[in-house]
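Participant:
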Amino acid sequence: MRGFGGILANFRSTHVWVLSSRLRRDALSTCSGARCPGGWLQEEVRLRAPPMNEIERALTAHPDVTDAVICAEESADGRPFKVAFAAVAPDRLSAGKSKHLQAETDRRVTQWRRAFDQVYRHGPDSVAPSFVGWTSNFTNKPIPETEMIDWLDCTIERIRSLGARRILEVGCGVGLLVERLAPGCEVYCGTDLSPVAVHRLRAFAQSKAELRHVKFLEREATDSSGLSPQSFDAVVINSVVQYFPGIEYLHRVLEQAVKLVAPGGHIFVGDVRNLELLPVFHREVQSAKAPSGVTPASLERKIMLAIAQDRELVIHPEYFKGIPEFIPQISGAEIQLKRGSSYELTRYRYDAVLRVDPEAASARGKSRDLAPQTEPWIRAGRALATDPMAAAFLQQLGMELSDALRGQFRQETLPAAVIALSQRDFAAIMPAPSIVPDDAANHERVEA
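At position 111 of the sequence shown (counting the first as 1) the number is 710 in the numbering used here, and the numbers step up by one without a gap.
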């Protein structure tokens, strides 16, 4: 599917090169001589791409949009409909994301708070912890309870192996870990941004003698106010980071957490979605959901769109392995594969156990100062995490573009939706348009 859709659409009537009966990306630049970047000697052939229609032209009139294409799609029941795809240039995407960064971060945190409140409020009448809200991406149904219990047992075992007697749990939710871990702890503090979750947990803890020492705080993950330095043996952040606004937010959480952990303690970041496996995950989900008769091209586009539009934080394990270079109080990181019987909860996720040793910070101080400084979530020029904020900006832009079209065109001519994509994703997802030589007499000439 990686074609020229996002590039050729800008060359509605232009000069490109034909190489060995196929188009090559590096040949799009017009060469002054006969030797092209790919090393082939070519004869120039003038090609004609389909002209933009009025809706595509209206979309590209927006300052953030560099290209637009309308595609025909088909619903699961066979009904045809149109979708417009709009490409956003990297600089415009970066500027748009930065402009709305804090407002979008606050909105996203508030959005998750409301979502969790709704899930917890409509859960079981009992205030006891439950698996409410755990839904399979493959079936859109609750994950079987036997798989959830196995997943929880493995997580509890892994955290207990750290030997912590004083635990801070960031994002305690409905209390699945609290119920199992707190009875064996001297100190247990759980924080959550959902007031409904905190209220329910307080009521539950008061009904159990072995949990009455547990303290609950309503706050977001970056707030460590009122907590004493080095007062915990472990900070647990389990199955939470995927809901963070971005990798920068997680990094701030870890910078705060490391101050709260006593020497020799740990930060347990559990149930992290694996960026290495993101394409595999979406391919399997979309394949499982695809109706019979779906074409390979349509399925491939759905997979690539699902990857591009994933709004959760998905992280490469290399980010955690490189953490000691940027948070020197962390002396090392261990990446642990998930264990359990649940295919979905183990195949695409991992746990990261970070060891805290403040003395290691001074030992590495000089060498760290001499090392080239980069962002901790960038390695060899590639991002180590998805960008939920960029995905949110693109979603918002798509809605704005849809609203603008409704004000200019008749309803029956409008696409069902406008999907804004980064320029890179647009080029990858869009099929190449049909193109024909302006002069059929022109033929390709290839020389070594």
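Each residue gets a CB set at the ideal place from its N, CA and C atoms; glycine is no exception.
Thinking C-alpha only, which one of Tyr-918, Glu-1011 and Gln-908 is nearest Gln-995?
Facilitator: Looking at the Cα atoms, Gln-908 is the closest of the given residues.
Participant: Can you give me the C-alpha to C-alpha distance between Leu-780 and Arg-759, rounded to a whole angstrom?
Facilitator: Computed Cα separation, rounded: 8 Å.
Participant: If you reduce the DSSP assignment to three classes, tell me which class Ala-905 lands in.
Facilitator: Ala-905: helix per DSSP, three-state reduction.
Participant: Quick one, which of Ala-1016, Thr-745 and Tyr-787 has its alpha-carbon nearest Ala-763's?
Facilitator: Checking every option, the nearest Cα to that of Ala-763 belongs to Tyr-787.
Participant: Throw me the rounded Cβ distance for the Leu-983 and His-915 pair, which I believe falls under 8 Å.
Facilitator: Sure, about 4 Å apart at Cβ, within 8 Å.
Participant: Going along the chain, which unbroken runs of the beta strand (DSSP E) with 3 or more residues stay wholly within the region 803-849?
Facilitator: Counting whole runs of 3 or more residues, the region 803-849 contains the beta strand (DSSP E) stretches 814-817 and 831-837.
Participant: Report yes if the C-beta distance between Asp-950 and Ser-930 is below 7 Å; otherwise report no.
Facilitator: For Asp-950 and Ser-930, no; Cβs fall outside 7 Å.
Participant: Check this for me: beta carbons of Thr-894 and Val-852, under 7 Å apart or not?
Facilitator: Going by C-beta atoms, Thr-894 is not nearer than 7 Å to Val-852.
Participant: Take the Cβ of Ala-683 as the centre, count every other Cβ of all protein chains shown within 10 Å, and call the residue buried at 16 or more, exposed below.
Facilitator: It is buried - the Cβ of Ala-683 has at least 16 other Cβ atoms within 10 Å.
Participant: Could you name each continuous beta strand (DSSP E) segment of 3 residues or more that falls completely within the region 766-808, going from the start of the chain to the end?
Facilitator: Counting only runs of 3 or more, we get 786-791.
Participant: For Arg-1005 and His-798, what's the separation of their Cα atoms in angstroms?
Facilitator: C-alpha separation (whole angstroms): 44 Å.
Participant: Would you say the region 859-866 touches the region 821-834, given that touching needs at least three Cβ pairs under 8 Å?
Facilitator: Touching, per the Cβ criterion.
Participant: In chain order, which continuous runs of the beta strand (DSSP E) of length 3 or greater are located wholly inside the region 933-958?
Facilitator: As far as the region 933-958 is concerned, its whole beta strand (DSSP E) runs of at least 3 residues are 948-955.
Participant: When you compare each of Gly-869, Arg-757, Ser-897 and Ala-896 to Phe-919 by their alpha carbons, which one comes out closest?
Facilitator: Of the listed residues, the one whose Cα sits closest to Phe-919 is Gly-869.
Participant: Starting from Glu-875 and walking both ways along the alpha helix (DSSP H), at which residues does that stretch end?
Facilitator: Premise fails: Glu-875 is in no alpha helix (DSSP H) and is neither H nor E.
Participant: Can you list, in chain order, the residues of its chain with a C-beta nearer than 7 Å to that of Glu-655? Leave out the 5 residues immediately preceding and following it.
Facilitator: Result list for Glu-655: Ala-667, Val-668 and Ile-669, in chain order.
Participant: Can you check DSSP and say which residues form a bridge with Ile-742?
Facilitator: According to DSSP, which records beta bridges pairwise, Ile-742 is partnered with nothing at all.
Participant: Tell me whether the beta-carbon of Arg-978 lies closer than 7 Å to the beta-carbon of Val-913.
Facilitator: In this structure, Val-913 does not lie closer than 7 Å to Arg-978 by Cβ.
Participant: I'd like to confirm the pairing. Which residues does DSSP put opposite Ala-1016 in its beta bridges?
Facilitator: According to DSSP, which records beta bridges pairwise, Ala-1016 is partnered with Val-682.
Participant: From the DSSP output, in three-state form, read off Arg-656 for me.
Facilitator: Helix.
Participant: Using only the alpha-carbon positions, how far apart do Lys-544 and Gln-885 sit?
Facilitator: Limits of the chain in this structure are 600 at one end and 1047 at the other, which puts residue 544 out of reach.
Participant: Short of 8 Å in beta carbon distance, which residues of its chain neighbour Glu-673, apart from the five on each side in sequence? Order them along the chain.
Facilitator: Correct list, in chain order: Pro-679, Phe-680 and Ser-897.
Participant: In the DSSP output, which residue or residues are listed as bridge partners for Thr-734?
Facilitator: Answer by DSSP bridge pairing, in chain order: Pro-741.
Participant: Less than 7 Å between C-beta atoms, sequence neighbours within five positions excluded: which residues of the same chain meet that for Arg-811?
Facilitator: Taken in chain order, the residues that qualify are Ala-804 and Gln-805.
Participant: Please report the straight-line C-alpha distance between Arg-981 and Pro-878, rounded to a whole angstrom.
Facilitator: Cα to Cα, the separation comes out at about 16 Å.
Participant: Using the three-state DSSP reduction, which class does His-1042 fall into: helix, strand or coil?
Facilitator: Reliability fails at His-1042, whose pLDDT of 39 lies under 50, so the model's placement of it is uncertain and the value that follows must be treated cautiously. In this structure, His-1042 counts as coil in the three-state DSSP scheme.
Participant: Going by C-alpha distance, which of Ala-991, Ala-1027, Ser-1001 and Asp-1002 is nearest Lys-698?
Facilitator: The shortest C-alpha separation from Lys-698 is found at Ala-991.
Participant: Measuring alpha carbon to alpha carbon, tell me which of Pro-844, Phe-737, Glu-943 and Arg-954 ends up nearest Ile-934.
Facilitator: Answer by Cα proximity: Arg-954.
Participant: Tell me the DSSP secondary structure of Ile-926 in three-state form.
Facilitator: Looking at Ile-926 - three-state DSSP - the assignment turns out to be coil, as it is neither helix nor strand.
Participant: Is Met-1029 helix, strand or coil when you go by DSSP?
Facilitator: Coil at Met-1029, not helix or strand.
Participant: Confirm, please, whether the CB-CB distance from Leu-792 to Glu-768 is below 7 Å.
Facilitator: Contact: no.
Participant: Using only CA atoms, which one of Gly-772, Glu-883 and Leu-1000 lies nearest to Tyr-947?
Facilitator: It is Glu-883 whose Cα lies nearest to the Cα of Tyr-947.
Participant: How many angstroms separate the CA atom of Ala-796 from the CA atom of Gly-789?
Facilitator: So the two alpha carbons sit approximately 11 Å from each other.
Participant: In whole angstroms, what separates the C-alpha of Asn-736 from that of Asp-752?
Facilitator: Asn-736 and Asp-752: Cα-Cα distance of roughly 22 Å.
Participant: Quick one: is Lys-937 buried, meaning 16 or more other Cβ sit within 10 Å of its Cβ, or exposed?
Facilitator: When all chains shown are included, Lys-937 counts as buried.
Participant: Are the beta-carbon atoms belonging to Pro-890 and Phe-925 less than 7 Å from one another?
Facilitator: Contact flag unset, no.
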